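2 protein chains.
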Amino acid sequence: MSLAESISEMEEAVRSLRRDARRRQVLDAAVAVMQRTGFHEMSMQALANEASVSVGLLYTYFGGKEEILLAAVLDILNSFRDQLRPAMDAVGDDPVERLAAGFRRYTEIVDENRDAVLLTYRESRTLDHAGLEQIKELEVETSAPLRDAVEAGMARGIIRSADPDLVTYDLMMLAHAWALKAWHFEPKYSVETFIRAQTALVLQSLIPPSRRSHYRHLVEG
Amino acid sequence: MSLAESISEMEEAVRSLRRDARRRQVLDAAVAVMQRTGFHEMSMQALANEASVSVGLLYTYFGGKEEILLAAVLDILNSFRDQLRPAMDAVGDDPVERLAAGFRRYTEIVDENRDAVLLTYRESRTLDHAGLEQIKELEVETSAPLRDAVEAGMARGIIRSADPDLVTYDLMMLAHAWALKAWHFEPKYSVETFIRAQTALVLQSLIPPSRRSHYRHLVEG
DNA sequence: ATTCACTATGAATTATCGTTCATTTTAGCG
DNA sequence: CGCTAAAATGAACGATAATTCATAGTGAAT
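Residue numbers (the working numbering), protein chains in the order written: chain R, 1 to 221; chain V, 1001 to 1221.
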C-alpha cells in the first residue's frame, strides 16, 4: 500500500469517526426531546436546538425526521442486546441462575431506558415496513440469550417443560411492564423489589417442586 | 308535571339519543381511521369522510381532535370493564375457575379489539393530564374482578400467597401481549391456544401442588 | 495567499391541517 | 304553506412545521 493510500485511508477513518460522533449527538438529543414531548410534537427546530446544531445539518446526517426516529430506536435496542448476554455469562452455567440474572439485567436496562422503551411502543406504527422489520428482528435477537437459558434448563429437566418461546416473551413482557405501567407499580415497588417479586412468581411456575430448594434464594422474594 | 313539560322532556330525550348515535358514528369512524393510519396522521377531513359527515359537524359533537381520541379510548375501556365480571360470574364461585375464566374473557376482548388496545398504548401520551387519569382509573376498575378472584383464592388457600396486585397486573400484561406482540405469536398460536398455554403457565405458579389435581383441566394446556 | 472540499447555517418554500363561521338544509309545528 | 330552531356544510383562515438551498465558515494542501 502506498503512503498516499494510507493517508487517504486515515482521513477516511477520521471523517467516519466525526460523522458517528455527530450522529450520536443528534440521536441523544432526539431521545431527550421525544421523552419530553413525543415524536410528532418534536419539531426539527426543537431538535436542532437541543443538539446545538442548525436545522439544515440534520438533513446532512439523516434522510429526514422518520429516519432519525428509526435510528434512535435501533440505537436503544442495540444496547439492550449487547448488555444482556455478558450479564448472564457472569453468573456461570446453571440455566436457572442464568435466567434469573438475565431477567434482572433486562429489567434494569428497561428501567434505565424507560422513556426509550415507551418510545418503541408508542412510535413503531410511524415507521415504514423496512424499519419495523429491523425492530422486530432486533427484539428476537435480544431475547435469544434468555431463550437459550430456558431451553438449556428444560433439556436438563431443571425447568418444567413448556414452550420456551412463550416463556421468553412472557418474561420480556413482564420486564416491559415496569416501563409501561410505571404509574401503577412505582408507588409500591422499586426496581429491586419489582425484580425480586417477579422472579419469585415466575420461577415458582418454572421450577419443579423437587428442584425448588436449590433455588430458595430466587424463589423466595 | 304539565303536558308541556312532559313533551319538552321527551324532545330532550330524543335529541340526546340522536346525539349519542352521532357521537358513536364518529367514534367508530375514528377507531377505523386510526387503526389504518394512527392518530397524528388522521386529518379531520379524513375522519369526516369516513364518518360521512362534514368537518364542521365534528366540532359540534366534540371539542376538538384530542377530545375525539379520548372519547374513543374511553369507549373501548368501558366495554372491557362491562364484559369482564359477567363472564366470571358465569362459572360460579371457585376463585381459580373465576380467575381462569376472567383471563380467558379478557384475552378474548383484547383479541376482538386489537387495534384499540394498541391505540391506548400508542396514543396515551397525546392526552392531557385529566384524560390520562381517567384512563388509568378505568384500567384499575377493569382489573378489579380479577383481583377479587385472586384475593379470594389466597384467603381460602387455593392460590399461593403473593402480592395480588402484582399477579393481577401480570395477567393483564400477558393478555395485552396478544395484541402488542401479535406479529410474533400469531404464526404459532391462535387466541384459543394462546389462552390455554398462558393459563397453564400462570396457574402452575399460582396453585400449590397439593391443589393442582383439582384443576387439571386448566393446568394442562 | 489562494484554492478546494467539506461542514454548517437558517431564511424561504411548500404543504398540510386544525379550527372557525357565514350560510344552507332539515324537521317539526301551527 | 311559512316559520323557527337545530343540525349540517365546507370554503377560508391562520399557524405550524418538514424540507430545501443559496450562502458562509473552516482548515488543510499547494
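For glycine and all other residues, C-beta sits at the position ideal for the given N, C-alpha and C.
Since this is a predicted model, take the numbers as computed values, not measurements.
Chain R residues whose Cβ lies nearer than 9 Å to that of residue i
i	result
V:Gln-1134	Ordered by position in chain R, no residue passes the 9 Å Cβ test against V:Gln-1134, which lies about 13 Å from the chain.
Rounded C-alpha distance that separates residue i from residue j
i	j	result
R:Gly-38	R:Arg-212	45 Å
R:Trp-178	R:Phe-185	7 Å
R:Leu-174	R:Asp-94	22 Å
V:Pro-1187	R:Ile-68	31 Å
R:Leu-171	R:Phe-103	7 Å
R:Ser-210	R:Arg-216	12 Å
R:Ala-182	V:Leu-1127	17 Å
V:Leu-1125	V:Ala-1071	Residue identity check: residue 1125 of chain V is Arg in the sequence provided, not Leu. So the alpha carbons of these two residues sit roughly 15 Å apart.
R:Ile-207	R:Ile-158	6 Å
V:Ser-989	V:Glu-1123	Any property of residue 989 of chain V remains undetermined from this structure, which presents chain V solely from 1001 to 1221.
V:Arg-1114	R:Asp-165	21 Å
V:Phe-1055	V:Glu-1133	A small correction: the amino acid at residue 1055 of chain V is Val; Phe does not occupy that position in the sequence shown. About 29 Å.
R:Val-96	V:Met-1154	27 Å
R:Ile-76	R:Leu-118	11 Å
V:Glu-1112	V:Thr-1193	16 Å
Presumed contact (8 Å Cβ cut-off) between residue i and residue j, rounded CB distance
i	j	result
R:Ala-200	R:Leu-218	7 Å
V:Val-1031	V:Ala-1116	6 Å
V:Arg-1105	V:Ala-1087	4 Å
R:Arg-22	R:Tyr-61	6 Å
V:Thr-1142	V:Leu-1074	About 12 Å separates the two Cβ atoms, so there is no contact after all.
R:Leu-203	R:Val-150	The pair is not a contact, with the Cβ atoms about 12 Å apart (cut-off 8 Å).
R:Lys-65	R:Met-44	6 Å
R:Arg-81	R:Leu-138	6 Å
R:Ala-29	R:Glu-12	Wrong, their Cβ atoms sit about 26 Å apart, outside the cutoff.
Enclosing alpha helix (DSSP H) for residue i [first to last residue]
i	result
V:Val-1053	Looking at the DSSP string, V:Val-1053 is not in any alpha helix (DSSP H), and its letter there is neither H nor E.
V:Leu-1127	Where V:Leu-1127 is concerned, there is no enclosing alpha helix (DSSP H), given that its DSSP letter is neither H nor E.
R:Gly-102	95 to 112
R:Lys-181	Per DSSP, R:Lys-181 belongs to no alpha helix (DSSP H) and is neither H nor E.
R:Glu-192	191 to 206
V:Ser-1079	1065 to 1089
R:His-217	216 to 219
V:Ser-1043	Segment: none, V:Ser-1043 is in no alpha helix (DSSP H) and carries neither H nor E.
V:Arg-1211	1209 to 1212
Cross-chain neighbours of residue i in chain V, by beta carbon under 7 Å
i	result
R:Lys-65	What R:Lys-65 touches in chain V: nothing, since even the nearest Cβ is about 12 Å away.
R:Pro-209	Pro-1209
Interface partners of residue i on chain R, CB under 8 Å
i	result
V:Asp-1170	Leu-174, Ala-177, Gln-198 and Leu-201
V:Gly-1038	Arg-125 and Thr-126
Beta-carbon neighbours of residue i, restricted to chain R and to distances below 7 Å
i	result
V:His-1214	Those do not exist, as V:His-1214 stays about 17 Å from chain R at its closest Cβ, beyond 7 Å.
V:Gln-1045	Those do not exist, as V:Gln-1045 stays about 18 Å from chain R at its closest Cβ, beyond 7 Å.
Closer than 9 Å at the beta carbon, the chain V residues around residue i
i	result
R:His-184	Lys-1136, Glu-1139, Val-1140, Asp-1165 and Tyr-1169
Contacts that residue i makes with chain V (C-beta to C-beta distance below 8 Å)
i	result
R:Tyr-121	Tyr-1121, Arg-1122 and Leu-1180
R:Arg-160	Gln-1204
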